[in-house]
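Following: one structure in structure tokens, then a few remarks.
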Ligand SMILES: Cc1cc2nc3c(=O)[nH]c(=O)nc-3n(C[C@H](O)[C@H](O)[C@H](O)COP(=O)(O)OP(=O)(O)OC[C@H]3O[C@@H](n4cnc5c(N)ncnc54)[C@H](O)[C@@H]3O)c2cc1C
């Protein structure tokens, strides 16, 4: 019987898995090499969506992820990390417009909410947008999307786990796993501590493959880096996620706005010693693109730039659940973890404790990633 579970990593996934395991009665130890929320979950756009996600079972998992956020926010009256104000998106070229039309048609076909807005309707939602930056019509609006603030979400989930008896170990990396007779028996930490365990959940995000390796498993990943530009506080009304042709943005709390585009991702450089640098010209350009959309951002400066590493399994889909050849080792690893963490984390936790009731994780199992010989 599983009684003690070690959760490796305290990002959105580790926090969600730990909270779910604890609420199901397990004794949980969460171990992080740094501080909870200090990994990718602290440097993410965290847009909650299932917009253009394929195939269908991946779309459905994301929709369930969005519903789980909605439920948790309703349960926790003062939990102010969840913002379901919708997402606006439009295109500048005929090719991109056709792609957006196809995406809207596909999600409508799946029963997902989406509608087309005119410029005037978009301005009703976002009055500080420059009308000249908007097309006269053809603005897609996805009303059930939004964003989460991962840090307070993680704080809530970890504190829920701790209230239910979980231990949180910080600043102590997992350096080894004792595997014997087809099971993980203990987790070894850099401090020299050894945690005997009945099960392990790998929630190490972009370092998940390293943890898998400690158990003799190969998890192919193709992580990518992204940069996010946080502005200084500025008196401009931005209430939604906006995907405009040259910039993506959303509110970032305290009057700040979070800016992103593919060009700023491309301007991330990592030195041989692991130091990251983002070309200042790309940062200036994304701020300028934001100003072109919301003239009120003229007063804003780039207050900070954060670089995050997207944990992406090789085929782009999540890796979730039990490993057949090592049945007490479980994965909870994916991109779009801000959207998926609560729902997918709960499915994984249920399986760890043998409380799973359906085959929801079947398309996301580790075994599909194994090389074909
Ligand atoms: C630029 C960017 C934009 C994104 N935009 C979105 C978006 O709009 N919507 C969305 O849903 N998702 C988005 N994502 C993806 C999402 O942020 C991630 O999927 C999610 O944050 C991953 O969470 P995690 O808990 O798996 O990993 P992390 O947050 O990285 O947590 C893993 C933890 O494991 C710890 N760890 C690692 N190795 C060890 C070890 N050996 N021992 C102990 N602990 C260890 C780390 O310290 C870390 O705290 C984006 C990501 C990036 C980078």
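Numbering (the numbering used here), first residue to last: 78 to 450. Glycine is no exception: its CB is placed at the ideal position from the N, C-alpha and C atoms.
task = Take every Cβ of the stretch 347 to 363, pair it with every Cβ of the stretch 371 to 389, and state whether three or more of those distances are shorter than 8 angstroms.
result = yes
request  = Could you name each continuous alpha helix (DSSP H) segment of 4 residues or more that falls completely within the stretch 338 to 373, going from the start of the chain to the end?
outcome  = 339 to 343 and 357 to 370
key: Boundaries (first-last residue) of the beta strand (DSSP E) holding residue 434   = As a first step, residue 434 is located in the chain shown; it is residue number 357 there, counting from the start. From DSSP, residue 434 is part of no beta strand (DSSP E); its letter is neither H nor E.
key: For residue 274 and residue 257, the rounded distance between their alpha carbons   = Here the question's residue 257 lines up with position 180 in the chain shown. Here the question's residue 274 lines up with position 197 in the chain shown. Whole-angstrom Cα-Cα distance: 12 angstroms.
ask   = Relative to the C-alpha of residue 416, which residue among 83, 140, 96 and 94 is closest?
value = Translated into the one-based positions of the chain shown, residue 416 becomes position 339. Answer by Cα proximity: 140.
ask   = Taking the beta strand (DSSP E) that residue 202 falls in, what are its first and last residues?
value = Counted from its first residue, the chain shown places residue 202 at position 125. Run containing residue 202: none in the beta strand (DSSP E); it sits in the alpha helix (DSSP H), 196 to 202.
request  = Keeping to the same chain, check which residues put their C-beta closer than 7 angstroms to that of residue 441; ignore five residues upstream and five downstream.
outcome  = Numbered from 1 along the chain shown, position 364 holds the residue referred to as residue 441. Same-chain partners within the cutoff: 394, 395, 396, 397 and 398.
query = Residue range of the beta strand (DSSP E) that residue 398 falls in?
reply = Within the chain shown, residue 398 is the residue found at index 321, counting from 1. Taken as a continuous stretch (DSSP letters only), the beta strand (DSSP E) holding residue 398 covers 396 to 400.
inquiry  = The alpha helix (DSSP H) that contains residue 250, what's its start and end?
reply    = Working through the chain shown from its first residue, we reach residue 250 at position 173. First-last for residue 250: undefined, no H or E at that position.
ask   = In three-state terms, what does DSSP make of residue 313?
value = As a working mapping, residue 313 is identified with position 236 in the chain shown. Three-state result, residue 313: coil.
ask   = What first and last residue would you give for the beta strand (DSSP E) that runs through residue 303?
value = Here the question's residue 303 lines up with position 226 in the chain shown. Residues 301 to 308.
task = In the DSSP assignment, find the beta strand (DSSP E) that holds residue 279 and state where it starts and stops.
result = Taking the chain shown and counting its residues from 1, the one referred to as residue 279 is at position 202. From DSSP, the beta strand (DSSP E) with residue 279 extends over 276 to 279.
task = Compute the beta-carbon to beta-carbon distance between residue 243 and residue 118, rounded to the nearest angstrom, for a pair I have assumed lies under 8 angstroms.
result = On the chain shown, residue 243 is found 166 positions in, with the first residue counted as 1. On the chain shown, residue 118 is found 41 positions in, with the first residue counted as 1. Between residue 118 and residue 243 the Cβ distance is about 18 angstroms, and since that is not below 8 angstroms, they are no contact.
inquiry  = Rounding to the nearest angstrom, what Cα-Cα distance links residue 330 and residue 307 in this structure?
reply    = The residue labelled residue 330 in the question sits at position 253 within the chain shown. The residue labelled residue 307 in the question sits at position 230 within the chain shown. Those two C-alpha atoms are separated by around 10 angstroms.
query = For residue 183, which option in 435, 133, 220 and 212 has the closest C-alpha, if you only look at C-alpha atoms?
reply = Here residue 183 corresponds to residue number 106 of the chain shown, with the count starting at 1. Comparing Cα positions, the closest option is 133.
request  = Spatial neighbours of residue 221 within its chain, please: CB distance less than 7 angstroms, with the 5 preceding and 5 following residues excluded, ordered by chain position.
outcome  = As a first step, residue 221 is located in the chain shown; it is residue number 144 there, counting from the start. 143, 161 and 190.
Residue 181 versus residue 239: straight-line alpha-carbon distance, rounded = As a working note, residue 181 is residue 104 in the chain shown. As a working note, residue 239 is residue 162 in the chain shown. Computed Cα separation, rounded: 42 angstroms.
inquiry  = According to DSSP, simplified to helix, strand and coil, what is residue 211?
reply    = Locating residue 211 in the chain shown gives position 134, counting from the first residue. Coil.
query = Which residues in the same chain as residue 428 place their Cβ atom closer than 8 angstroms to its Cβ, once the five residues preceding and following it in sequence are excluded?
reply = Within the chain shown, residue 428 is the residue found at index 351, counting from 1. For residue 428, where only same-chain residues beyond five positions count, the Cβ hits under 8 angstroms are 398, 399, 407 and 438.
key: Nearest residue (CA-CA) to residue 445, options 298, 344, 79 and 327   = Indexing the chain shown from 1 puts residue 445 at position 368. Considering only alpha carbons, the answer is 298.
Bounding residues of the beta strand (DSSP E) (the contiguous stretch that carries residue 291) = What you label residue 291 is simply residue 214 of the chain shown in a count that begins at 1. Segment 285 to 291 is the alpha helix (DSSP H) holding residue 291; no beta strand (DSSP E) there.
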